[in-house]
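Position in the sequence shown counted from 1, then plus 343, gives you this note's numbering. Even for Gly, the Cβ is constructed at its ideal location relative to N, Cα and C. Taking it in order: structure first as structure tokens, then the write-up.
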Amino acid sequence: MSATAILGMQWGDEGKGKITHLLAREADIIVRFNGGPNAGHTVIDRGKEFKFHLIPSGALYPEKTNILAGGMVIDIDLLQREIDTVTEHSSRPQIYIADTAHLILPYHRILEQIEGSAAQIGTTKRGIGPTYRDKIDRTGIRVGDLKRPTILQKKLAAKTDYLKTMWPVVEEIRSLDVNLLVTQLQESAAPLLPLITNIPTLIRKGVTSGKEILFEGAQGALLDIDCGTYPYVTSSSTTVAGVIAGGTVPPSALDRRLGVIKAYTTRVGNGPFPTELTDHWGKRMQTKGGEFGATTGRIRRCGWLDLVALTQMVYLNDLSDFALTKLDVLSGFEKIKVAYAYRLDGEEIDYFPASAEELAACEPLYKEVDGWEEEITGVKRLRELPAAARRYIDMITETLGVPASLISTGPRPEETIMLR
Ligand code: GDP
Ligand code: IMO
Ligand code: MG
Numbered sequence: 344m345s346a347t348a349i350l351g352m353q354w355g356d357e358g359k360g361k362i363t364h365l366l367a368r369e370a371d372i373i374v375r376f377n378g379g380p381n382a383g384h385t386v387i388d389r390g391k392e393f394k395f396h397l398i399p400s401g402a403l404y405p406e407k408t409n410i411l412a413g414g415m416v417i418d419i420d421l422l423q424r425e426i427d428t429v430t431e432h433s434s435r436p437q438i439y440i441a442d443t444a445h446l447i448l449p450y451h452r453i454l455e456q457i458e459g460s461a462a463q464i465g466t467t468k469r470g471i472g473p474t475y476r477d478k479i480d481r482t483g484i485r486v487g488d489l490k491r492p493t494i495l496q497k498k499l500a501a502k503t504d505y506l507k508t509m510w511p512v513v514e515e516i517r518s519l520d521v522n523l524l525v526t527q528l529q530e531s532a533a534p535l536l537p538l539i540t541n542i543p544t545l546i547r548k549g550v551t552s553g554k555e556i557l558f559e560g561a562q563g564a565l566l567d568i569d570c571g572t573y574p575y576v577t578s579s580s581t582t583v584a585g586v587i588a589g590g591t592v593p594p595s596a597l598d599r600r601l602g603v604i605k606a607y608t609t610r611v612g613n614g615p616f617p618t619e620l621t622d623h624w625g626k627r628m629q630t631k632g633g634e635f636g637a638t639t640g641r642i643r644r645c646g647w648l649d650l651v652a653l654t655q656m657v658y659l660n661d662l663s664d665f666a667l668t669k670l671d672v673l674s675g676f677e678k679i680k681v682a683y684a685y686r687l688d689g690e691e692i693d694y695f696p697a698s699a700e701e702l703a704a705c706e707p708l709y710k711e712v713d714g715w716e717e718e719i720t721g722v723k724r725l726r727e728l729p730a731a732a733r734r735y736i737d738m739i740t741e742t743l744g745v746p747a748s749l750i751s752t753g754p755r756p757e758e759t760i761m762l763r
């Protein structure tokens, strides 16, 4: 029996898709447990690039089971399109969808725009926040409701009536037609209905029969609704806590917690980012690392590695090991900086402040290490890395107190140093 959580340790886009696709070769079941189409996970399979938003990154192996678990929010039209894309490339992926996952509906995207959170937080505009809000408010529509048209109609009528009283002057809300909504949903859902099932049972059977299970996190720990840089976060649990609740797996079964850490830091959208570089070094990371959002195409903000934030997230996620990605992007940096502490109100602090305002006021204190000139793209053995690159890995490992098990030196699965 072995279950592994693959979790982003920064503000997302650490390379979780690549790592999950790679480890999925040896797995039986791959599970997405949080978030929705705000995620953009890049996977390269036999030279072809995919950007998965909803389906797990194990979907390119037709013999593997892929699960969209209850902690997710799902746009069924997008899901169908993703399934079609994979089917055209290889064969139809084996997919199961939790009846308890929540549906993203057209009004969620409208609300995100008119309420202002899209602009204030800089969200992906996929309706994520309003859908999770309905879930917490207990007025959400769940995937399982698609199987019960009468109940679906009743819940949607109540919801749309309520929205019309709240937003009487917004034309997009006023014109919501519940009958049309139900008809469209049923049409889109028809091919997916056989895939909707009770996921805790499926996971339990997998665990008890000794299957290898991967839980693929979306976003990253710094975007977590509880532990992240609130309010500049997403609306789900992106950490190991989310795996247990959203992925319906018992904690004792989760014997590996693999963090994915980019060798530098990126962030898309608004919010504090102490180690951000707005100079030509940041631009260089952005260009060399191809740092454009996989979901929205926005430019990702770039900066140095932040060991203060990482130390906290390694602890909160109880990491057993980590994968260091995009090390190749740092080739050509003569000196590399890492933040080891912050200065706040004139005092040195070694913890990650909970408030976004405090974090914004933090000045990072840097340690500078030697960089390396050599390009290392595609290197597969540790000993083939320049000494300075190995020292950089050692420094991170020593600070975080957990071992590195993979070093990623390029976007392709084979461009990886396997250490464990
Ligand atoms: P995810 O959301 O965590 O799955 O990450 P994204 O797919 O959004 O962003 C990671 C980007 O970096 C993608 O374009 C990947 O193809 C690419 N990538 C992943 N690992 C590496 C690596 O080690 N080196 C380089 N150069 N690119 C990588
Ligand atoms: P993956 O899984 C990077 C960010 C958005 C915004 C904030 C809230 O590819 O790592 P939301 O639409 O979730 O309400 O937006 O979170 N964000 C991500 N940033 N990678 C992601 O996913 C993200 N998903 C959401 O940019 O700042
Ligand atoms: Mg991404």
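Query: beta-carbon PRO754 near the ligand GDP non-hydrogen atom, thresh 7 Å; Result: yes
Query: Minimum length 4: unbroken alpha helix (DSSP H) runs contained in the segment 535-593; Result: 542-551 and 583-589
Query: ALA564 Cβ short of 7 Å to the ligand MG heavy atom set; Result: no
Query: For LEU620, the three-state DSSP class (helix, strand or coil); Result: coil
Query: Minimum C-alpha distance to GLU690 - residue among CYS705, GLU700 and LYS391; Result: CYS705
Query: Quiz: which residues have CB nearer than 5 Å to the ligand MG non-hydrogen atoms; Result: ASP356, GLY383 and ALA637
Query: Nearest-angstrom Cα separation, counted from ALA500 out to ALA666; Result: 47 Å
Query: Straight-line Cα distance separating ASP649 from ARG627; Result: 18 Å
Query: Heavy atom of the ligand IMO within 7 Å of LYS548 beta-carbon; Result: no
Query: Residue span of the alpha helix (DSSP H) that contains ARG485, given as start and end; Result: No alpha helix (DSSP H) holds ARG485; DSSP gives it neither H nor E.
Query: heavy atom of the ligand GDP below 7 Å from ASP671 C-beta; Result: yes
Query: Near the ligand GDP: GLY465 beta-carbon under 7 Å from a heavy atom; Result: no
Query: Whether ARG733 touches LEU725 by CB criterion (8 Å); Result: yes
Query: Simplified DSSP state of LEU448, which is helix, strand or coil; Result: coil
Query: Same chain only: Cβ atoms within 6 Å of ILE546, ignoring 5 sequence neighbours per side; Result: THR591 and VAL592
Query: Buried/exposed call for HIS623, threshold 16 Cβ in 10 Å; Result: exposed
Query: Contact set for THR740: own chain, Cβ-Cβ below 7 Å, skip 5 residues either direction; Result: PRO746 and ALA747
Query: Simplified DSSP assignment, three categories, for VAL651; Result: helix
Query: Minimum C-alpha distance to ILE587 - residue among ASN660, ASN613 and SER518; Result: ASN660
Query: Cα-Cα separation between GLN629 and LEU749, rounded to whole angstroms; Result: 23 Å
Query: Proximity test, ARG780 beta-carbon vs the ligand IMO heavy atom, cut-off 7 Å; Result: It is not possible to answer for residue 780, since the shown part of the chain is limited to 344 through 763.
Query: Span of the alpha helix (DSSP H) around ILE419; Result: 419-432
Query: Limits of the unbroken alpha helix (DSSP H) element including VAL521; Result: 521-532
Query: Inter-residue Cα distance where the pair is THR466 and GLY472; Result: 9 Å
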